[in-house]
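As structure tokens, then:
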């Protein structure tokens with residue numbers, strides 16, 4: 001028994017050491033997306049198609065971030081050109097399979113990640129084994145042409161696999177996400193407003209506030225009453241003199257602030273300064289964004305047995321708002337820093353947290369009821385998931401993406417591009433979108449990219465590319481949208497993949513991949529176009 005206990009103790013020590021090592025390795029990113037976000041990364045399976053500069057940069061960032069497992073797919077061999085644009089490869093890799101070489105070098109960066117490779121072209125896999133892609137969480141397709149991307153997109157949508165397209169071409173590039181729907185609970189906006197519910201305190205908060213006296217003669221106590229309590233006390237006084245109404249006009253709001261300031265007993269009372277500064281929270285409670293309103297009104301919120309957990313939660317939220325919430329969203333329970341005694345602050349914090357827990361319980365009841373009505377397990381969504389949803393319910397986001405086949409249908413794209421004519425100045429990057437389509441048409445017709453043969457053919461290829469680009473622009477309905485300058489530049493690019501551009505495009509792609517996998521932050525809603533010539537980006541939303 002002693003030996004068994006000792007072994008158990010050793011295992012516990014090893015587990016603790018492993019956890020500490022993991023925490024130290026990923027410390028900075030754990031601060032950004034938390035343990036649950038890191039857990040999502042470590043459970044994800046990613047497939048990279050083509051191991052050029054763009055793909056290598058994207059995958060490097062994911063490997064360093066601790067993605068669960070990756071599979072690199074590339075049918076090419078390492079050539080001299082790869083040594084000039086791929087920092088992972090060296091002369092020792094010449095002639096070796098590119099996927100195998102890159103996988104081995106990436107493995108050295110993080111031995112916690114499982115890295116595999118397949119020495120075959122993505123196009124051949126699409127033809128011979130489309131079911132291969134069903135095993136992945138996310139597919140990152142780099143340096144692929146439109147025709148193959150349309151097929152890949154159809155396959156990924158069939159298997160509910162997220163698709164991220166990234167491509168660099170000379171001094172330009174783009175990143176594009178494709179999936180039916182992506183729901184984000186933790187959108188983490190840059191600016192958030194505390195929901196203190198000053199305009200509509202609940203009974204327990206009102207009772208708690210009554211314990212405080214703004215007329216106290218204890219100066220130390222007076223200068224350490226939290227500003228939220230000061231405002232609630234002044235609100236009560238104001239309502240009693242104005243028929244229960246809050247300040248509504250500019251004059252009344254000014255008078256309210258003066259009333260708050262009049263409660264000061266000394267000039268150095270920072271809590272009263274905070275109260276005056278935060279007075280607008282009384283008559284301007286946090287409002288719902290248009291995105292959240294649209295989610296509540298979305299047809300998907302009318303749930304059925306096939307609805308995702310997210311939409312079940314949205315339906316429960318709607319039920320709460322219409323009943324227990326009285327038009328309000330669940331309280332998140334967070335309060336800002338306040339000049340206060342620690343004891344007062346903690347008591348106030350507990351009051352808000354108790355209300356938040358009560359709201360979670362109410363939403364949970366709606367969730368259980370909805371699941372039961374739909375014939376699903378009423379406990380299939382955990383209380384922890386419901387609490388997480390309630391806490392972030394004011395910042396929900398839902399993104400839906402058109403398929404690549406729909407995008408290449410031209411008509412809808414043309415209608416949206418027309419409003420950016422002429423493609424000059426701030427709108428110049430929209431011409432890049434057209435040029436990507438044009439160079440792929442050129443490659444379909446001539447079996448190579450313009451300018452790829454030799455410098456001597458640039459002028460000739462530019463003329464051919466110009467004709468294709470102008471024909472494409474005419475089909476879309478944006479005649480005159482492509483300048484001769486852009487046509488010539490794309491001919492000079494020769495289809496080249498430059499490392500500095502691939503690093504930027506690959507970096508953006510990996511950032512978007514992390515957003516998709518962790519379901520945190522809001523991914524790009526359209527095609528992000530990168531112009532290294534002007535160091536600008538443009539998002540074209542379809």
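Numbering (full-length UniProt numbering), first residue to last: 1 to 542. For glycine and all other residues, C-beta sits at the position ideal for the given N, C-alpha and C.
Distance, residue 293 Cα to residue 339 Cα: Within the chain shown, residue 339 is the residue found at index 339, counting from 1. Within the chain shown, residue 293 is the residue found at index 293, counting from 1. For residue 339 and residue 293, the distance between alpha carbons rounds to 35 Å.
Buried or exposed (CB count within 10 angstroms, at least 16 for buried), residue 24: The count along the chain shown starts at 1 and reaches residue 24 at position 24. Exposed is the label assigned to residue 24, since fewer than 16 other Cβ atoms lie within 10 Å of its Cβ.
Start-end ranges of the alpha helix (DSSP H) lying completely within the segment 367-423, minimum 4 residues: 383-391, 404-407 and 411-417
Check: residue 412 C-beta below 7 Å from any heavy atom of the ligand GTP: Looking at this structure, you won't find the ligand GTP or any other ligand, since it has none at all.
For residue 386 and residue 186, the rounded distance between their alpha carbons: Within the chain shown, residue 186 is the residue found at index 186, counting from 1. Within the chain shown, residue 386 is the residue found at index 386, counting from 1. C-alpha separation (whole angstroms): 13 Å.
Segment contact, 8 Å Cβ cut-off, at least three pairs: the segment 151-166 with the segment 130-142: yes
Outcome for residue 241 when other beta-carbon atoms lying within 10 angstroms are tallied against a minimum of 16: Counting from one through the chain shown, the residue named residue 241 turns up at place 241. Burial call: exposed.
Residue interval of the alpha helix (DSSP H) (run including residue 540): The residue you call residue 540 lines up with position 540 of the chain shown. No alpha helix (DSSP H) holds residue 540; the beta strand (DSSP E) holding it covers 536-540.
Own chain, CB closer than 6 Å to residue 499, minus 5 neighbours either side, in chain order: Taking the chain shown and counting its residues from 1, one reaches residue 499 at position 499. Taken in chain order, the residues that qualify are 53 and 85.
C-beta atoms of residue 344 and residue 182 nearer than 8 Å: Locating residue 344 in the chain shown gives position 344, counting from the first residue. Locating residue 182 in the chain shown gives position 182, counting from the first residue. Not in contact: residue 344 and residue 182 (Cβ atoms no closer than 8 Å).
Distance between residue 373 and residue 308 (C-alpha atoms, nearest Å): As a first step, residue 308 must be located in the chain shown, where it is residue number 308. As a first step, residue 373 must be located in the chain shown, where it is residue number 373. Each residue's alpha carbon lies about 15 Å from the other.
Neighbourhood of residue 159 by C-beta, 7 Å cutoff - its chain only, sequence neighbours within 5 removed: Start at 1 with the first residue of the chain shown, and residue 159 comes out as number 159. Only 133 and 134 meet the Cβ criterion.
Residue 3 versus residue 22: straight-line alpha-carbon distance, rounded: Here residue 3 refers to the residue found at position 3 of the chain shown. Here residue 22 refers to the residue found at position 22 of the chain shown. Low confidence applies here, because residue 3 scores a pLDDT of 44, under 50, leaving its location unreliable; read the following figure in that light. Straight-line Cα distance between these residues: approximately 29 Å.
Contact under 8 Å by Cβ, residue 314 with residue 288: Locating residue 314 in the chain shown gives position 314, where the first residue counts as 1. Locating residue 288 in the chain shown gives position 288, where the first residue counts as 1. In this structure, residue 288 does not lie closer than 8 Å to residue 314 by Cβ.
Distance between residue 193 and residue 290 (C-alpha atoms, nearest Å): To locate residue 290, count along the chain shown from 1; it is residue 290. To locate residue 193, count along the chain shown from 1; it is residue 193. Straight-line Cα distance between these residues: approximately 16 Å.
Touch test, the segment 525-542 against the segment 42-50, Cβ-Cβ under 8 Å, three pairs minimum: no
Secondary structure of residue 172, DSSP reduced to three states: Indexing the chain shown from 1 puts residue 172 at position 172. It is a strand residue.
Through-space distance from residue 493 to residue 502, alpha-carbon basis: By 1-based counting over the chain shown, the position of residue 502 is 502. By 1-based counting over the chain shown, the position of residue 493 is 493. Taking the straight line from one Cα to the other gives about 14 Å.
Beta strand (DSSP E) runs wholly inside the segment 97-158, at least 3 long, in chain order: 114-118 and 138-142
Secondary structure, alpha helix (DSSP H): runs of 4+ residues fully inside the segment 330-361: none
Beta carbon of residue 431 nearer than 8 Å to that of residue 335: The residue given as residue 431 occupies position 431 in the chain shown. The residue given as residue 335 occupies position 335 in the chain shown. Against a cut-off of 8 Å, the Cβ pair of residue 335 and residue 431 comes out as no contact.
Unbroken beta strand (DSSP E) run spanning residue 48, endpoints: The sequence position of residue 48 within the chain shown is 48, counting from 1. That run of the beta strand (DSSP E) goes 45-49.
Simplified DSSP state of residue 182, which is helix, strand or coil: Within the chain shown, numbered from 1, the residue matching residue 182 stands at position 182. Note: residue 182 maps to strand in three-state DSSP.
Element boundaries [beta strand (DSSP E), containing residue 508]: Taking the first residue of the chain shown as position 1, residue 508 is located at position 508. Element bounds for residue 508: not the beta strand (DSSP E) but the alpha helix (DSSP H), 499-518.
Pairwise C-alpha distance: residue 362 and residue 33: One-based indexing of the chain shown puts residue 33 at position 33. One-based indexing of the chain shown puts residue 362 at position 362. Rounded to whole angstroms, residue 33 to residue 362 spans 27 Å at the Cα level.
Close-in-space but distant-in-sequence residues of the same chain around residue 329 (CB under 7 Å, 5 per side omitted): Looking up residue 329 in the chain shown gives position 329. Within the same chain, residue 329 has close Cβ partners 321, 393 and 394.
DSSP three-state assignment for residue 435, whether helix, strand or coil: Residue mapping note: residue 435 aligns to position 435 of the chain shown, counting from 1. The answer is helix: DSSP assigns residue 435 an H, G or I state.
Exposure label - residue 471; buried when at least 16 CB within 10 Å: Stepping through the chain shown from its first residue, residue 471 is reached at position 471. With fewer than 16 other Cβ atoms within 10 Å, it is exposed.
Same chain, Cβ closer than 6 Å to residue 72, neighbours up to 5 away in sequence not counted: The residue given as residue 72 occupies position 72 in the chain shown. Cβ neighbours of residue 72 beyond the five flanking positions: 48, 51, 99, 102, 103 and 117.
Residue 82 vs residue 97 beta-carbon contact at 8 Å: Taking the first residue of the chain shown as position 1, residue 82 is located at position 82. Taking the first residue of the chain shown as position 1, residue 97 is located at position 97. 8 Å or more divides the Cβ of residue 82 from the Cβ of residue 97.
Local conformation of residue 78 per DSSP, three classes: On the chain shown, residue 78 is found 78 positions in, with the first residue counted as 1. It is coil, neither helix nor strand.
Whether residue 414 touches residue 56 by CB criterion (8 Å): Residue mapping note: residue 414 aligns to position 414 of the chain shown, counting from 1. Residue mapping note: residue 56 aligns to position 56 of the chain shown, counting from 1. Cβ distance not < 8 Å, so residue 414 and residue 56 don't count as in contact.
Beta-carbon spacing of residue 371, residue 382 below 8 Å: One-based indexing of the chain shown puts residue 371 at position 371. One-based indexing of the chain shown puts residue 382 at position 382. No, the Cβ-Cβ distance between residue 371 and residue 382 is not below 8 Å.
Chain C contact for residue 316 (CB, 8 Å cutoff): Looking at the structure shown, chain C is missing, and only one protein chain is on hand.
Cβ pair residue 312, residue 360 closer than 8 Å: Numbered from its first residue, the chain shown carries residue 312 at position 312. Numbered from its first residue, the chain shown carries residue 360 at position 360. No, the pair does not count as a contact, with Cβ atoms beyond the cut-off.
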